[in-house]
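Colleague: Take the sequence shown: its position 23, counting from 1, is numbered 23 in my numbering, and each next residue is one higher.
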Amino acid sequence: MVTTTEKDGETWFQCEECEMLFDVRADAEAHEENCDTDSPSYLQ
Ligand SMILES: [Zn+2]
Numbered sequence: 001m002v003t004t005t006e007k008d009g010e011t012w013f014q015c016e017e018c019e020m021l022f023d024v025r026a027d028a029e030a031h032e033e034n035c036d037t038d039s040p041s042y043l044q
């Protein structure tokens with residue numbers, strides 16, 4: 001799930017699964033769809 005958080009007056013979008021931050025909601029949602037918490041270090 002994507003959550004919003006405010007930091008330094010900016011709104012950030014955070015993947016609740018892995019806590020990665022995005023500055024664009026679409027990017028966060030696209031990431032979240034493919035986020036696999038069972039394999040946290042899958043990207044190489
Ligand atoms: Zn994620």
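A virtual CB, placed ideally from N, CA and C, is assigned to each residue, including glycine.
Quick one: does the C-beta of residue 32 sit closer than 7 Å to a heavy atom of ligand 1?
Modeller: Correct: residue 32 has its Cβ closer than 7 Å to ligand 1.
Colleague: Give every residue of the same chain whose Cβ lies closer than 7 Å to the Cβ of residue 35, excluding the five residues on either side of it in the sequence, and list them in chain order.
Modeller: Same-chain partners within the cutoff: 15, 17 and 18.
Colleague: So what's residue 33 in DSSP terms, helix, strand or just coil?
Modeller: Of the three classes helix, strand and coil, the one that applies to residue 33 here is helix, per DSSP.
Colleague: Where do the N-terminal and C-terminal ends of the beta strand (DSSP E) with residue 15 fall, by residue?
Modeller: Unbroken beta strand (DSSP E) run through residue 15: 10-15.
Colleague: What separation, rounded to the nearest whole angstrom, lies between the Cα atoms of residue 5 and residue 11?
Modeller: Using only the alpha carbons, I get a separation of about 6 Å.
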